[in-house]
Amino acid sequence: MIFFKYHSIYKFIYRDINKNLNFICILVLIITVNINFFVKESFASDAVSQDLGLDNEMWVPLIDNGRPFIVVNVQINSKSVQALFDTGAAKTLVDIELARKFGFTIESRGYIGAVGGQANYYETDLKSLSIGGLRQSGGKVGVVDMSPLRGVVGDAFSMIIGADILSQFAVEVDWDHARLRLMRSGNKSLKGMPIPLRIQAGYNHFITEFSIGDRIFRDVFLDTGAYNSAVRALFIPELMGPEPRVTDVKGAGIGGDTIVDFGRINRVKMGKMYIGSLSVEFLPFVCPCLEKYQARIGVNLLHHFNFLMDARAGYIIVGPRSSEKSVEKKSTSGIQGILKPDGLHIVHVMRGSPAAKVGLKPGDRICAVDGALMNANRNADGKRSGWSTDAPGKQVTLQLCDGRAKHLTLAEFY
Numbered sequence: 024m025i026f027f028k029y030h031s032i033y034k035f036i037y038r039d040i041n042k043n044l045n046f047i048c049i050l051v052l053i054i055t056v057n058i059n060f061f062v063k064e065s066f067a068s069d070a071v072s073q074d075l076g077l078d079n080e081m082w083v084p085l086i087d088n089g090r091p092f093i094v095v096n097v098q099i100n101s102k103s104v105q106a107l108f109d110t111g112a113a114k115t116l117v118d119i120e121l122a123r124k125f126g127f128t129i130e131s132r133g134y135i136g137a138v139g140g141q142a143n144y145y146e147t148d149l150k151s152l153s154i155g156g157l158r159q160s161g162g163k164v165g166v167v168d169m170s171p172l173r174g175v176v177g178d179a180f181s182m183i184i185g186a187d188i189l190s191q192f193a194v195e196v197d198w199d200h201a202r203l204r205l206m207r208s209g210n211k212s213l214k215g216m217p218i219p220l221r222i223q224a225g226y227n228h229f230i231t232e233f234s235i236g237d238r239i240f241r242d243v244f245l246d247t248g249a250y251n252s253a254v255r256a257l258f259i260p261e262l263m264g265p266e267p268r269v270t271d272v273k274g275a276g277i278g279g280d281t282i283v284d285f286g287r288i289n290r291v292k293m294g295k296m297y298i299g300s301l302s303v304e305f306l307p308f309v310c311p312c313l314e315k316y317q318a319r320i321g322v323n324l325l326h327h328f329n330f331l332m333d334a335r336a337g338y339i340i341v342g343p344r345s346s347e348k349s350v351e352k353k354s355t356s357g358i359q360g361i362l363k364p365d366g367l368h369i370v371h372v373m374r375g376s377p378a379a380k381v382g383l384k385p386g387d388r389i390c391a392v393d394g395a396l397m398n399a400n401r402n403a404d405g406k407r408s409g410w411s412t413d414a415p416g417k418q419v420t421l422q423l424c425d426g427r428a429k430h431l432t433l434a435e436f437y
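See below:
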């Protein structure tokens, strides 16, 4: 039996509390899927035809999903679906529920090993794929069960466009006008600063560089499927001093839950483009193929720029935004939760936070904040939206659904 390894980290969809959604994060709910693909035979079993003429380099609207992720409408086998553009995914994937709904024929190809467990891996024939002006036919796409993520991301997407496709073209993302387009490699339509970008042989990883203070990180994994950027945990003393203010955040994925250290670093730059302060995870990169990388760039960094990435041509161009629209909200409560019709379900309390100090725990359910009901339907009116990131020093009363009340004094804790 021949097997091929593919490694990927997916980080999915954060929700602001002022969105009318069934899932809403008070700060973040980090979805982590470290995937190793073990398959019975090569992916490239069929001929693939691609067509992207210069006249077809059309703009495609980005779908508003509450955070700056790259999600667009695509057509697969003549069916319209929402797809996440994810350079961290080695291969393009569709959800098994979608494949069955549309009657796609799926074939077992082994399994994927993920953090906390394994999942079955399948393939289906790719008869046609349309993304803006791109028309592709032939080949296979992977099929996996994304239901463990659905409780968190809802119906935000049911397909992932991976590096197998994204590495073939120039991809321009215009945050200012909420749009993207695929272009022929070598097109430098965006004016800005070019930064080296390459593909790591054997893994289909996008590799670039950035700097923090005086240190330049040259082996950096570019992952548009991750919201938070990340650096190795061993750099905490160097980047944050002898007494770092570090908390933690919880992640959930196909293979299980993770809890990672989390903080903010200063003096971040891409090339000569200054960003300033940025939230990052501090990771012991558990996936063996990521051990060679010093850091990861997520969309919380990329959202500071309009950008054009072209791995085949060897660069990512970052250009200035028309206005600063990427101010990260920093939690002052320390609650991670899922907002449902029956209240806010706490899934994690961040270490050292105001929520931790008053004894809130995972499993607690909040029914009201300062007298305003907390449920997915009530939240649509905007009352108390953003309370978890209000100014430090502000007092907030949380009414738990079991009758208890907790009085929080919001504070900076990381």
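Numbering (the working numbering) for the sequence shown: 24 to 437.
Built from N, CA and C at the ideal position, the CB exists for glycine as well.
All figures in this text were calculated on a predicted structure; none of them were measured in a lab.
| query | So what's residue 100 in DSSP terms, helix, strand or just coil? | reply | When secondary structure is reduced to three states using DSSP, residue 100 falls in the coil class, being assigned neither helix nor strand.
| query | How close, in whole Å, do the beta carbons of residue 179 and residue 240 come, if the pair is a contact with beta carbons under 8 Å? | reply | The pair is not a contact, with the Cβ atoms about 30 Å apart (cut-off 8 Å).
| field | At least 3 beta-carbon pairs within less than 8 Å: the segment 225-236 vs the segment 355-371 | value | Two segments are said to touch when three or more pairs of C-beta atoms, one from each, lie closer than 8 Å; by this definition the segment 225-236 does not touch the segment 355-371.
| task | Examine chain B for any beta-carbon lying closer than 7 Å to the beta-carbon of residue 150, and answer yes or no. | result | Absent here is chain B; the protein component of the structure consists of one chain.
| query | Should residue 296 and residue 341 be called a contact, given that it needs their Cβ atoms to be closer than 7 Å? | reply | In contact: residue 296 and residue 341 (Cβ atoms closer than 7 Å).
| request: Tell me whether the beta-carbon of residue 185 lies closer than 7 Å to the beta-carbon of residue 251. | output: Contact flag unset, no.
| query | Cβ of residue 166 within 7 Å of Cβ of residue 117? | reply | Yes.
| query | How many Å lie between residue 106 and residue 85 at the Cα? | reply | Those two C-alpha atoms are separated by around 10 Å.
| query | Which full runs of the beta strand (DSSP E) of 3+ residues lie inside the segment 252-296, going along the chain? | reply | Runs found: 252-255, 270-276 and 279-293.
| said: Quick check: the Cα distance between residue 330 and residue 384, rounded to an integer number of angstroms? | reply: Going by the C-alpha atoms only, they are around 40 Å apart.
| field | Three-state class that DSSP yields for residue 374 in the structure shown | value | Residue 374: coil per DSSP, three-state reduction.
| Status (buried if at least 16 other CB within 10 Å, exposed otherwise) for residue 81 | Its Cβ having fewer than 16 others within 10 Å, residue 81 is exposed.
| Looking at the structure shown, is residue 91 part of a helix, part of a strand, or coil, going by DSSP? | In this structure, DSSP gives residue 91 a state outside helix and strand, which the three-state scheme calls coil.
| request: Could you give the DSSP three-state label for residue 74: helix, strand or coil? | output: Strand at residue 74.
| Roughly how many angstroms lie between the CA atoms of residue 333 and residue 415, to the nearest whole one? | So the alpha carbons of these two residues sit roughly 42 Å apart.
| task | For residue 376, I'd like the list of residues in its chain whose CB is within less than 7 Å of its CB, leaving aside the five on either flank, ordered along the chain. | result | For residue 376, the CB contacts under 7 Å within the same chain, skipping 5 residues up- and downstream, are 270, 356, 357 and 436 in chain order.
| request: Note the first and the last residue of the continuous alpha helix (DSSP H) segment covering residue 120. | output: Start and end: 119-124.
| message | Helix, strand or coil, according to DSSP, for residue 315 in the structure here? | response | Looking at residue 315 - three-state DSSP - the assignment turns out to be coil, as it is neither helix nor strand.
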